[in-house]
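In the working numbering, the protein residues as written are 1 to 433.
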C-alpha cells in the first residue's frame, strides 16, 4: 500500500462535489476509475482529527460498526495522515475492539494520502480509497449510481496519535451521498478560504473535594475543551471519572485517615466500553492493565488492586455502570461554568445497581501526590493531594463541597438510597438468643 502520510503540502485536485457536514466541516469528493478521492476541510486544532466514512445502516448515521477514515495533521514533522478505522465500541482501541485502526485488529489500511494543507487554524487533507478493498473490516463503496449514508466526526488524538471516541462534533442527521455524482455542491463559502481560526474556550474553575471521607465514583463526559483537557493539559480518553457529581475533582486526603469509594464504573468484562475499575496509583496516566510488564513494575498502586499467589494483578473496585448522559447535544461550548454544564446532564444507571467498593487507609509514607484512575483505560482520572493530619485551608472551609454549594444531584442521592435498600436486610435480622 502507498504511505499514509505526506509532507506539508501537495497541491490537491479540484472537486466538483461538496457537502457541508457541519459549520466547521466540508467534504468534497470525486469518482475515479478504481477509487474515490475525498478532501476533508475542517476548522480544528492541531491535536484533533477529522473522520469521514460509511454508516453500517441506511438512512441513519450510526457510529458503531461504521467504516471511517481518520485524517489528521502532525505538527511535529508537518505531515498529513489518513488511516482506515473501524468502530466496534465507544471506547479507545484495546487491540480487540473500540475505535481501532484496521491494522490493529487484523485488517489493512486502504486509505492513501494525496495532499494536505494546514493554514489559519484550518486543516485540509485529501485521500483516496478503493471502491472494493477485499478487507473484511471495510464497507464497500458503490462504484456506480447509488446513495450511501455517510457520517463525520471531529475529536481529539491521544498521546499515540490515535483517535479517541469523538467528543467535539458528530453528524446526527441522515446525510446521503452518491459518490458517482457530478456537480453535487451544497457547500457554503469554502472553509479553507475563510481564514477563521478555531475558537478558544475558557476553562472551568477547578473542582475540589476537601474534608470528605466518602466518595461516589461514576462515569461521565469530559466537558470538551473547558473540562478534562483544560484541567489536565492532556487529551482525554473520551469519558472521565465523576466523583461526588463533579468532573475529575482534585481530592485532598490526610495521612492516617480511611476513605471509602463507592464505584459505579461498569463490570462488563466482555465490553471494554462498560468496564472501568477504579484504582489509586502514582501514575498520572493510569490504564495499568494496558501496560507492558516493565511499565507495570515501575508503577506503585495504593488501593483497588489485589494480587494472586502467582503474582497476577486483579482489580477489586468493580461495580455496575452509572453514567452521566447529555440531554441532546454536548453543551460544554455554551456552558460558562461547570455547574451550568452539570445541569444539562442526566444520570443513566445500568444493570443491577451493584456497586464496587474501594477502602483506602492512607499510610504515612504515601507521596504528596497520587491519582485516582481507571485500571483498564488511560487518562480518566486526576489528582489526589495527600497532606498531614490536621491540614486545613481556611479559604476552602471544612464542608468539602468544593467550589459550589449546589445540593447533591439526584444521582448521588438515588445511589445512596439503593445501597441502603440493598443492605437493609442486614439491619433487620432478628437477634439470636
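Glycine included, C-beta positions come from ideal geometry on N, C-alpha and C.
As the structure is a prediction and not an experimental result, all values here were calculated from the model.
Collapsed DSSP secondary structure at residue i in the structure displayed
i: residue 257; result: coil
i: residue 371; result: strand
i: residue 16; result: coil
i: residue 341; result: helix
i: residue 205; result: coil
i: residue 103; result: helix
i: residue 404; result: The predicted model places residue 404 with a pLDDT of 36, which falls under 50 and marks its position as unreliable; any figure quoted below should be read in that light. It is coil, neither helix nor strand.
i: residue 61; result: coil
i: residue 124; result: strand
i: residue 51; result: strand
i: residue 348; result: strand
i: residue 129; result: strand
i: residue 273; result: helix
i: residue 289; result: helix
i: residue 225; result: helix
i: residue 385; result: strand
i: residue 246; result: strand
i: residue 109; result: coil
i: residue 25; result: strand
i: residue 332; result: coil
i: residue 397; result: Interpretation of residue 397 is limited by its pLDDT of 40, a score under 50 that renders its predicted location unreliable; no figure is taken from the coordinates.
i: residue 262; result: strand
i: residue 162; result: coil
i: residue 364; result: coil
Inter-residue CB distance, residue i and residue j (contact presumed, cutoff 8 Å)
i: residue 24; j: residue 43; result: 4 Å
i: residue 48; j: residue 168; result: 7 Å
i: residue 370; j: residue 280; result: 6 Å
i: residue 153; j: residue 113; result: Between residue 113 and residue 153 the Cβ distance is about 19 Å, and since that is not below 8 Å, they are no contact.
i: residue 86; j: residue 102; result: 6 Å
i: residue 174; j: residue 149; result: 6 Å
i: residue 158; j: residue 275; result: In fact, because the Cβ distance is near 18 Å, the residues do not count as touching under 8 Å.
i: residue 378; j: residue 285; result: 5 Å
i: residue 107; j: residue 84; result: 7 Å
i: residue 124; j: residue 199; result: Actually they are not in contact, since the Cβ atoms of residue 124 and residue 199 sit about 19 Å apart, beyond 8 Å.
i: residue 316; j: residue 306; result: 5 Å
i: residue 15; j: residue 30; result: 5 Å
i: residue 346; j: residue 332; result: Contact doesn't hold; Cβ gap of about 15 Å is too wide.
i: residue 211; j: residue 241; result: Not confirmed; about 20 Å, so no contact.
Exposed unless 16 or more other CB atoms sit within 10 angstroms - verdict on residue i
i: residue 246; result: buried
i: residue 401; result: Low per-residue confidence applies at residue 401: pLDDT is 40, beneath 50, and the placement is therefore not dependable enough to give any value.
i: residue 289; result: buried
i: residue 256; result: exposed
i: residue 136; result: exposed
i: residue 260; result: exposed
i: residue 380; result: buried
i: residue 156; result: buried
i: residue 251; result: buried
i: residue 63; result: buried
i: residue 182; result: exposed
i: residue 334; result: exposed
i: residue 171; result: buried
i: residue 160; result: exposed
i: residue 329; result: exposed
i: residue 28; result: buried
i: residue 17; result: buried
i: residue 140; result: exposed
i: residue 163; result: buried
Segment limits, beta strand (DSSP E) that includes residue i
i: residue 71; result: 67-74
i: residue 152; result: 147-156
i: residue 357; result: 356-361
i: residue 38; result: 35-43
i: residue 214; result: 214-220
i: residue 178; result: 175-178
i: residue 239; result: Careful: residue 239 lies outside any beta strand (DSSP E) and carries neither H nor E.
i: residue 84; result: 79-87
i: residue 116; result: 112-119
i: residue 279; result: 278-281
i: residue 314; result: 313-315
i: residue 301; result: 301-303
i: residue 322; result: 322-326
Residue range of the unbroken alpha helix (DSSP H) whose run includes residue i
i: residue 231; result: 228-232
i: residue 293; result: 293-298
At least 3 beta-carbon pairs within less than 8 Å: the region 319-327 vs the region 291-303: no
contact_flag[the region 79-96, the region 234-243] where n(CB pairs < 8 Å) is 3 or more: yes
Three or more C-beta pairs below 8 Å linking the region 350-360 and the region 226-235: no
Inter-stretch contact (C-beta, 8 Å, three-pair minimum) for the region 53-61 and the region 203-212: no
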